[in-house]
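Quick note on numbering: our numbering labels position 214 of the sequence shown as 563, and the sequence is numbered without any gaps.
Where a beta carbon is used, it is the ideal one built from N, C-alpha and C, also for glycine.
Single-structure report; data block below.
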Amino acid sequence: MTESPAGAHPDEPHRQGLAQRLNWLRAGVLGANDGIVSTAAVVVGVAGATSEVGPVLIAGLAALVGGAISMALGEYVSVSSQRDSEHALIQKERRELAEDPDAELAELIGLYEAQGLSRDTATRVATELTASDALKAHLAVELNIDAEDVVSPWAAAIASAVAFTVGAILPMLTILLAPVEVRVPLTFVAVLVALAVTGYLAAWIGGARRGRAILRTVIGGALALGATYAVGALFGVAAG
Ligand SMILES: [Zn+2]
Numbered sequence: 350m351t352e353s354p355a356g357a358h359p360d361e362p363h364r365q366g367l368a369q370r371l372n373w374l375r376a377g378v379l380g381a382n383d384g385i386v387s388t389a390a391v392v393v394g395v396a397g398a399t400s401e402v403g404p405v406l407i408a409g410l411a412a413l414v415g416g417a418i419s420m421a422l423g424e425y426v427s428v429s430s431q432r433d434s435e436h437a438l439i440q441k442e443r444r445e446l447a448e449d450p451d452a453e454l455a456e457l458i459g460l461y462e463a464q465g466l467s468r469d470t471a472t473r474v475a476t477e478l479t480a481s482d483a484l485k486a487h488l489a490v491e492l493n494i495d496a497e498d499v500v501s502p503w504a505a506a507i508a509s510a511v512a513f514t515v516g517a518i519l520p521m522l523t524i525l526l527a528p529v530e531v532r533v534p535l536t537f538v539a540v541l542v543a544l545a546v547t548g549y550l551a552a553w554i555g556g557a558r559r560g561r562a563i564l565r566t567v568i569g570g571a572l573a574l575g576a577t578y579a580v581g582a583l584f585g586v587a588a589g
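This is the structure we're talking about:
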């Protein structure tokens, strides 16, 4: 999906590095998207039940803190287990290379042939790569892993908590700063515009159709806000 251009300068970041940066960007956009939708849904729901500002602020803060922690935990767990399995694969490959280098060289030659190289070229490529960094060559071709690119679970956890918080701040500020009579419609508008932006970014990163992605995020957000506002208004009236 991310081809390096022909004739790229040798110092250019290599493919995996770029793919990884795009992964970070994607995770950031999705985290912000979650922060926008879930916090907006909570504050709009409470605003449907009461015209006061205090409860909206408290509910919004609780949604922000709870959501950010939950995102961080989820990300930590998922990246940890991914990293564990990558480490296990790296160990296994390292052991195989130490125990049976000939079979591993033959395997590498076969993999390059399967990619379209002639037997001679595959043998030369595999032999030269084995001489320089056998483990790296095997990980790249067999497993598509770069041992230096393994993500830190802590970094992933903090990044997604920050992304969520950034997203959550938008509906919080809109609903708290807007005049009470128009705070709900204004929050709707602010959230839908922000979702159009995150939908566009997500599609751009993933190389998908932009119009469709924007429509999906915006409709999803509108449904979430509409549902919680209805719940708030219904139960607010019943309770008040
Ligand atoms: Zn191997």
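Query	Result
Distance between beta carbons of residue 486 and residue 519, contact taken as under 8 Å	At roughly 46 Å, the Cβ-Cβ gap does not stay under 8 Å, so residue 519 and residue 486 are not in contact.
Reduced DSSP category for residue 466 - H, G, I as helix; E, B as strand; rest coil	coil
Buried or exposed by the 16-neighbour rule on C-beta atoms within 10 Å, applied to residue 561	exposed
Burial state of residue 326 (16 or more Cβ within 10 Å)	The chain is shown only over 350 to 589; residue 326 falls outside these bounds and no answer can be derived.
Beta carbon nearer than 7 Å to a non-hydrogen atom of ligand 1	442, 445, 446, 453, 456, 457, 487 and 491
Separation of residue 401 from residue 584, as counted between CA atoms	15 Å
Helix, strand or coil at residue 493 according to DSSP, with G and I counted as helix	coil
Opening and closing residue of the alpha helix (DSSP H) in which residue 511 lies	502–526
Residue 412 and residue 517 closer than 9 Å at C-beta	yes
Rounded Cβ spacing between residue 370 and residue 551 (contact assumed at less than 8 Å)	Not really, about 15 Å apart at Cβ, beyond 8 Å.
Residue 429 in three-state terms, based on DSSP	helix
Own chain partners of residue 535 with C-beta closer than 7 Å, once the 5 adjacent residues on each side are dropped	523 and 527
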